[in-house]
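Taking it in order: structure first as structure tokens, then the write-up.
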Amino acid sequence: MGRAGTGTGGEAVAAVVAGPLLLLLLARPPPASARDSGKSEVGLVSEHFSQAPQRLSFYSWYGSARLFRFRVPPDTVLLRWLLQVSREGGTACTDAEITVHFRSGAPPVINPLGTSFPDDTSVQPSFQVRVPLSAAPLSNASVNVSHPAPGDWFVAAHLPPSSQKIELKGLAPTCAYVFQPDLLVTRVVEISVMEPDVPLPHTLLSHPSYLKVFVPDYTRELLLELRDCVSSGSLGCPVRLTVGPVTLPSNFQKVLTCTSAPWPCRLLLPSPPWDRWLQVTAESLVGPLGTVTFSAVAALTACRPQSVTIQPLLQSSQNQSFNASTGLPSLSPDHQYLGRSGSVDRSPFCLTNYPVMREDMDVVSVHFQLLDRVSVRVCPNTPSMMRLRLNTGMDSGGSLTISLRANKTEMRNETVIVACVNAASPFLGFNSSLNCTTAFFQGYPLSLSAWSLRANLIIPYPETDNWYLSLQLMCPENAEECEQAVVHVETTLYLVPCLNDCGPYGQCLLLRRHSYLYAGCSCKAGWRGWSCTDNSTAQTVAQQRAAALLLTLSNLMFLAPITVSVQRFFLVEASVYAYTMFFSTFYHACDQPGEAVLCILNYDTLQYCDFLGSGAAIWVTILCMARLKAVLKYTYRCGHRRQCYPTSWQRWAFYLLPGISMASVGVAIYTSMMTSDNYYYTHSIWHVLLAGSAALLLPPPDEHTEPWACSQKFPCHYQICKNDREELYTVT
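Residue numbers for the sequence shown, in the working numbering: 40 to 771.
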């Protein structure tokens, strides 16, 4: 994929490099008069959509990316995304590069960390652009898409992968990177409708003309043809047709140039998208002053389906018959197709349609199952087809899983079952090709054989559309012997939020962007990847247990300050240290992934109690060192003496300086050295240093003295007596 141009401190208008998979074109803006009125001379109107900005995060998992969803109206001929990135934080902000991903129909599947996907997962590389941020606090970029597919378009943005450093909020200056996309839509309102088999006369001037044709269900082929083409400025037919919409990341838009064709110019589209309008753009190639006239014809070839009817629901139907020998319902035509003359279409069946029931299980969770049977009957003559309805607009945030299993006793050594999974329309050309490519979609191939009776496919974030599973039995070596062969294939079809619920080392989290819901996996213990299946940096079970023991047993160091507090009658401090030791131990025992985990309470409750205890332990130590009393004069006495309590060089050497050093090192480790990789070790050291410094910094106990201590100071038998508790003096 190409890269959109970017700018710093101003807008950089750019287009993405044209390639075999994608063609993004810069469009010239309409004249000023057209922009002012909102409508140009060729029937184009402009609309503007915007969404609230979001603060970007450094990428660590899919939840780090900020997702935006836009609804593109029908008959749109140009999208223009304006991408604006700003930063707030002054000197804390550094140069950064924002990555923005685009996709039609579903959220983009991205992999900034370069991790592996689960087995049998099919992923197309995401289309992306990069927006650099350097000296200026604001950067803009733009991306244009001509002839976009109508419906949902998704934009996801994020910062580079995170450094895994654990930072405490509020203790260090931070930089906020804010991203906001705006969408400008140019939509055509003057469009010609092509009726099947009816020539549509048309005259091309300097600006493009827009046509559309409706493709009904069960259309096998669409033939577009230009007839009677005459040009005022050149020979031949200088016309370029652009057929179909642009979808990202892949694109199968067809471009037909009829410049040198002496015969009628034709474009054949096998398996065009069903039940939707197909857009056709015609452009003149003779220059701004020339004209071209032609007649456009759209011819549709219908596919006559054979449908497996449901015996229990249609017992009263006179068209049903039941085969008692096989125990299978009979096959009947799904529709009666009438031609233009009113006669019934008696062409051979092109597919066998198996009805599928959609069962909604939960959010982004759907189960598809065959009605009244457990397997699909696959034959060599016609494909067997199943329709999976994923067109609600809320099904694109999960993973579509397809599993096929053939009957072992029915599979011969030379037979192969080929299956294709496609969106918008099924693949029906098994006899001519096995690439699973329809008019505007590259399908996903599967195969079953006598040596491989199972096949699986996982599609993360499937596009919002009707999906089709088509299967056919192929005999590459001896076709005559398998003409009567039949193989039953069991299908397991699910839409799940996360594959295998992210496994034992991950957590499936449901994310939300306004009313749109999608799922992602948050991994632990060094596991990574889309479903937490990448173990390249994973911890072993022994490492997990060692980490759990370090984080929990290091809290036993709090026994030292507890013992010292009890001996010196600091009962409140001893209670706080005991509270901190208990909840820190069990919080870290619960905060472990995989094997070594133990939770005695709710995780959030344990986390709150641990944070509360840590903060309280620090404060009670400081307050105890100051020996604050209820009366303010004791505070004054502490300042007057320039020390919190009477001390000596031994106390400084063996208690205060070591305690302050341990506390300083602990704070330095906690705030600047702790990362996700070394968390188990650094946090355990933090436990030891915190508890050790508390034991050393606790003040010594009060010496036991009488309330009045008298000493003879004068030869006249007078005594000066001092009350240490009340700071009173008397002479006796």
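Cβ atoms here follow ideal geometry from the backbone N, Cα and C, with glycine treated the same way.
Where residue i falls, given that 16 or more other Cβ within 10 Å makes a residue buried
i      : result
Ile497 : buried
Gly437 : buried
Leu637 : exposed
Met450 : buried
Phe650 : exposed
Gln292 : buried
Tyr500 : buried
Gln689 : exposed
Met400 : exposed
Glu136 : exposed
Val611 : exposed
Thr602 : exposed
Gly482 : buried
Tyr229 : Note that residue 229 corresponds to Glu in the displayed sequence, not to Tyr. With fewer than 16 Cβ atoms within 10 Å of its Cβ, Glu229 is classed as exposed.
Residue i versus the options, residue with shortest Cα-Cα distance
i      : options                        : result
Ser185 : Ile149, Ser464, Leu198, Trp120 : Trp120
Met233 : Thr213, Leu317, Lys293, Phe218 : Leu317
Ser723 : Ile639, Leu595, Cys663, Gln646 : Leu595
Thr531 : Met425, Ile661, Trp725         : Met425
Ser89  : Leu339, Ser143, Asp221, Asn179 : Asp221
Thr332 : Ser346, Val278, Asp314         : Val278
Cys541 : Thr572, Tyr555, Asn470         : Thr572
Ala628 : Tyr616, Tyr642, Ala617         : Tyr642
Ala462 : Phe480, Thr225, Val535         : Phe480
Ala702 : Gln689, Ala692, His726, Ser687 : His726
Cys648 : Thr115, Gln546, Phe625, Ile657 : Phe625
Gln546 : Pro515, Leu556, Leu243, Trp566 : Trp566
Val148 : Thr154, Pro164, Ser155         : Pro164
Leu223 : Gln123, Leu117, Ala91          : Leu117
Ala804 : Leu696, Ala335, Ser604, Val182 : Only positions 40 to 771 of the chain appear in the structure, and residue 804 is not among them; the question remains open.
Ser554 : Gly82, Phe109, Ser96, Leu83    : Phe109
Leu265 : Asp236, Leu443, Leu492         : Asp236
Pro312 : Pro344, Thr476, Val405         : Thr476
Tyr616 : Leu695, Asp191, Asn574, Thr660 : Thr660
Thr391 : Arg397, Ala489, Ala577, Asn420 : Asn420
Asn150 : Val162, Ser143, Gly144         : Val162
CB of residue i within 8 angstroms of CB of residue j, strictly
i      : j      : result
Arg94  : Ala195 : no
Val525 : Leu487 : no
Leu409 : Val417 : no
Arg169 : Thr138 : yes
Ser310 : Ala458 : no
Ser256 : Asn495 : Contrary to the premise, residue 256 reads as Asp rather than Ser in this sequence. Contact: no.
Val319 : Val282 : yes
Ser435 : Trp100 : no
Leu534 : Val347 : no
Arg305 : Leu261 : no
Arg552 : Ala635 : no
Phe166 : Leu328 : no
Pro200 : Tyr98  : yes
Leu550 : Ser570 : no
Leu427 : Leu508 : yes
His341 : Thr258 : Per the sequence shown, the amino acid found at residue 341 is Ala instead of His. Yes, Cβ-Cβ distance for Ala341 and Thr258 is below 8 angstroms.
Asn179 : Gln219 : no
Leu492 : Ala558 : no
Thr298 : Gly275 : yes
Ala613 : Ala734 : no
Simplified DSSP state of residue i, which is helix, strand or coil
i      : result
Gln375 : Unreliable placement is indicated for Gln375, whose pLDDT of 40 sits below 50; the coordinate value is still reported in the next sentence. Three-state DSSP puts Gln375 in coil, outside helix and strand.
Tyr642 : helix
Glu86  : strand
Leu467 : coil
Asn183 : strand
Gly559 : strand
Phe597 : helix
Cys629 : helix
Leu25  : Nothing can be reported for residue 25, as the shown portion of the chain is limited to 40 through 771.
Ser355 : Confidence in Ser355 is poor, its pLDDT being 43 and thus under 50, which makes the residue's placement too unreliable to answer from.
Gln582 : helix
Glu449 : helix
Tyr257 : coil
Thr365 : Residue confidence for Thr365 is low, a pLDDT of 37 falling below 50, so the modelled location carries little weight and cannot support an answer.
Ala341 : strand
Proximity test, residue i beta-carbon vs the ligand GDP heavy atom, cut-off 7 angstroms
i      : result
Asp573 : Annotation note on the ligand GDP: not contained in the displayed structure, which lists no ligands.
| message | Threshold first: 3 residues or longer. Then list the beta strand (DSSP E) segments lying entirely within the segment 477-546, N to C. | response | 483-488, 493-499, 504-513, 526-535
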